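Single-structure report; data block below.
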Amino acid sequence: MTLLHPPTIHEAALARKALTKSLDSLDSEIDCLRDRLSTLSLEQRELHASLGSYRGLLSPIRRLHPEILQEIFFHCLPTAHSAVVSADEAPLVLGRVCSRWRRVAHSTPELWASIHIAVIIPPHQSSPEVRQAIALRHAVAVWLSRSGTLPLSISLVDPDFYPHRSQSPTTIMNDQIRSYLDLIAPYAHRWRSIHFTAFRFHLMEFLNRFHTSEVPLLESLHIDGYSYDTQENIIPAISRPTNILQAPQLRVLSMPSYPPHILKSGAPLQNLTGLIITDFCSSPSQETINILGLCPNLRRCAISACSGLWWGNSYDPLPVGPVTTMIMPKLQSLAILTMVPQYVKKLLKILVTPSLRHLLISLVVRDASKSKHLYDTLSSFLRHLIDPLEELDLTYDLSGNPTDILSLVPELKRLSLTARPIVSVLGQLSSRTHDPVLVQLTPSNGWRGTPGSQAGDEPDAPTCLCPKLEVLRYVTAKFSDNELLDFLHSRTVDHRKHNASHIRMVSVHFDREAQDDIEEMDLDLRKGIEVLERETGVRVDCAYNLLKPCQEPIFDGPTTMGYSPFDGVPPMVASNTDLVIETDDYFGF
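Throughout the sequence shown, residue numbering follows the UniProt record's numbering, covering 1 to 589 in sequence.
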């Protein structure tokens, strides 16, 4: 309404009272709404929290049938070694996700059919390792009880190469290791693969404990270790008519410490497809050659040769003069593990392996004048191959150049190179500080081959060594970061231009002088590698070994500093299974 005159005192009071009442009403309503909003916000937060668990219940993986979940779990197991007893590794880690996964995992025998037991031996009864050892033995017992009736693959390894300080080097640990052996002994009738390695254990106890009738399923047997057994102890154990080496299904055998006695063991050598033996002669012994001659079906073989002859009296040397060659038509993998050049040279002249696909060999020669003879012998051996060699693990000295060897294997897909410095007569290392092999493996450097190699004048001829290479492992590398980046770029981004295969994995262990600025170099190298990994999918692993001037590379041995469930597993397998060249560790097949 329109006021025609100023409000009276009474009218003004009434107006003020009406306004105040309206404002109080609005303020009261706002306060109520704020309280309601606070209550609703609290309910909203509580609802969101509860919905999280409901969303988990509605997750697609919860709708999977147990059989599908079991198959997924099975593919979580390691393939390069037996499953380790670790809460952070499959299968144990699978049971830590939820109660349903735990029930499924514990009721799936396939997950528990393999186990790697890294033995824990306490130095004394009051040490903390006592509780660890008790817990480990309990875990092993429960583990094996879940395996149902399936064949078992077991590796039992005492990784303690060096005794504890409180023990003398010759302390025998039969009592301590026997407690672990007792855990797996009741399952002998289900053993399929046994890998037993102990360094302070009388192995004759293992050989005497089991006989043929107890291991009907045994296919692979590896017995290794530094034993204090004498020939008088071993010969009766290994010559028993029912010894474990006569298992009817045995196909893979490793007895590195006692090769002459394999002939006396009655082992079914004619059935073997895998064999590892050790020869203590500087030249292939007659026993070793006889064993190989009795294995016509051998597909994988590793021969370790030592120059020490503490058992030399039991070996017969090969006759002086020409030796008849031995044809092994089915052999696909050969490892010659020795630093005795004469042994390598002699064995390569004896063996004829037309189907060989994988070769591990050392070309380290202390006398540089003999280096050419060894390289020539290997070249002749490779030329007699019918099937192309696909995998090569080569150890060579920096005074030599293996490019002539690599030029003979154009179909090579996996290559492992270890360059070793040579100590001169005066005890000094060779002064060579650069290794040219990677340059020859890089297409952009324009390598056109050597006489008799795969490269020629044809327009499509490869412009590098090993054009089909897919996996490279380089140990004690002596080349620059730029050379590595050039190799990676030419083998990934430009591989088609150079008529070369796309490299998939590269592992490099650099040797660098201590004064080099490793951090700055590593940063630049990493940036380049990250770009290539992102753009091409190549996988690259780099590590550095810092050297003082004129210092020989240090290869760390095993230690007793701490315990790991991976103890006894080969380092490359434990750290990076994808980069393992497909040799199955040579010792495990």
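Every residue gets a Cβ at the ideal spot worked out from N, C-alpha and C, and that includes glycine.
As the structure is a prediction and not an experimental result, all values here were calculated from the model.
Residue i (DSSP reduced to helix, strand or coil)
i, result
"PHE74", "helix"
"ARG102", "helix"
"ALA15", "helix"
"LEU203", "helix"
"GLY537", "coil"
"SER283", "coil"
"HIS10", "helix"
"ARG251", "coil"
"LEU26", "helix"
"PHE589", "Caution is warranted here: a pLDDT of 31 is assigned to PHE589, below 50, making its placement in the model unreliable, and the coordinate value is therefore given only provisionally. Residue state, collapsed to three classes: coil."
"HIS489", "helix"
"LEU150", "coil"
"GLY52", "helix"
"VAL97", "coil"
"SER220", "strand"
"VAL340", "coil"
"ILE277", "strand"
"HIS116", "strand"
"ARG300", "strand"
"TRP310", "Unreliable placement is indicated for TRP310, whose pLDDT of 43 sits below 50; the coordinate value is still reported in the next sentence. Reduced to three states, the DSSP call for TRP310 is coil."
"GLU552", "Because GLU552 sits at a pLDDT of 40, beneath the cut-off of 50, its placement in the model cannot be relied upon, and the following sentence gives the value as read from the coordinates. Of the three classes helix, strand and coil, the one that applies to GLU552 here is coil, per DSSP."
"LEU294", "coil"
"ALA267", "coil"
"ARG420", "strand"
"ALA237", "helix"
Sheet register partners of residue i (DSSP bridge)
i, result
"PHE510", "ALA477, TYR544"
"PHE210", "PHE210 pairs with nothing; no bridge assigned."
"ASN243", "HIS211"
"GLY568", "GLY568 is not bridged to any residue."
"MET328", "Paired residue(s): none; MET328 is not in a bridge."
"HIS195", "SER155, HIS222"
"SER333", "ARG300, HIS358"
"VAL84", "HIS116"
"residue 590", "In the structure as shown, the chain starts at 1 and stops at 589, and residue 590 therefore has no counterpart that could be examined."
Close-in-space but distant-in-sequence residues of the same chain around residue i (CB under 8 Å, 5 per side omitted)
i, result
"ILE386", "PRO354, SER355"
"GLU129", "ILE120, ILE121, PRO122, PRO123, TYR563"
"GLY95", "TRP101, ARG102, ALA105, HIS106"
"ARG16", "none"
"ARG251", "GLU219, SER220, ASN271, LEU272, THR273, GLY274"
"MET561", "A caution first: MET561 carries a pLDDT of 45, below 50, which makes its placement in the model unreliable, though a value can still be read off. Once the five neighbours on either side are set aside, MET561 has no close Cβ partner at all."
"HIS211", "ARG240, THR242, ASN243, ILE244"
"PHE74", "THR108, GLU110, LEU111"
"TYR343", "ASP279, CYS281, SER282, SER283, PRO284, ALA305, ILE336"
"PRO565", "VAL84, VAL85, SER86, GLU89, HIS116, ALA118"
7 Å CB neighbourhood of residue i in its chain, flanking five on each side removed
i, result
"ILE327", "VAL352"
"ALA500", "PRO443, PRO462, CYS464, PRO467, ARG491"
Among the options, nearest to residue i - alpha-carbon criterion
i, options, result
"MET505", "ASP511, ASN499, HIS489", "HIS489"
"VAL540", "HIS509, LEU360, SER480", "HIS509"
"LEU412", "ARG420, LEU363, GLU470", "GLU470"
"THR325", "LEU292, ARG300, ASN297, CYS306", "LEU292"
"HIS495", "LEU532, LYS527, LYS478, SER480", "LEU532"
"ASP481", "PRO151, LEU150, LYS527", "LYS527"
"ALA335", "GLY274, ASP376, SER283", "GLY274"
"PHE381", "ILE405, ASP279, GLN270, SER371", "ILE405"
"VAL409", "ARG178, PRO388, LEU64, PRO284", "PRO388"
"LEU415", "SER507, CYS295, THR197", "SER507"
"ASP284", "GLN176, LYS345, PHE196, ASN401", "Note that residue 284 corresponds to Pro in the displayed sequence, not to Asp. Comparing Cα positions, the closest option is LYS345."
"ARG137", "ASP158, TYR180, LEU19", "TYR180"
"ASP511", "CYS542, PHE196, PRO565", "CYS542"
"ARG383", "LEU348, LEU485, ASP393", "LEU348"
"PRO268", "ALA83, LEU144, LEU298", "LEU298"
"LEU359", "MET339, GLU391, ASN290", "GLU391"
"ARG62", "SER99, THR39, ALA139", "SER99"
"VAL157", "ALA13, ARG200, LEU485", "ARG200"
"ASP182", "HIS222, THR197, ARG209, HIS202", "ARG209"
Cutoff 6 Å; reference residue i; Cβ partners in own chain excluding five residues on either side
i, result
"SER239", "LYS264"
"ASP556", "At ASP556, the pLDDT of 38 sits below 50, so the modelled position is not reliable; the number obtained from the coordinates is stated separately. If we look at ASP556 and ignore the five residues flanking it on each side, it has no Cβ neighbours."
"residue 590", "There is no way to answer for residue 590, as the model of the chain reaches only from 1 to 589."
"PRO7", "none"
"VAL320", "With a pLDDT of 49 at VAL320, under the threshold of 50, the modelled position of that residue is not reliable, and no figure is offered here."
"GLU483", "LEU438"
"residue 590", "Because the chain is modelled from 1 through 589, residue 590 falls outside the range shown and cannot be assessed."
"PRO151", "ARG190, ARG192, LEU217"
"GLN176", "ILE121"
Ranges of the alpha helix (DSSP H) found wholly within the region 348-418, counting only runs of at least 4
Whole alpha helix (DSSP H) segments, 4+ residues: 371-383, 403-406.
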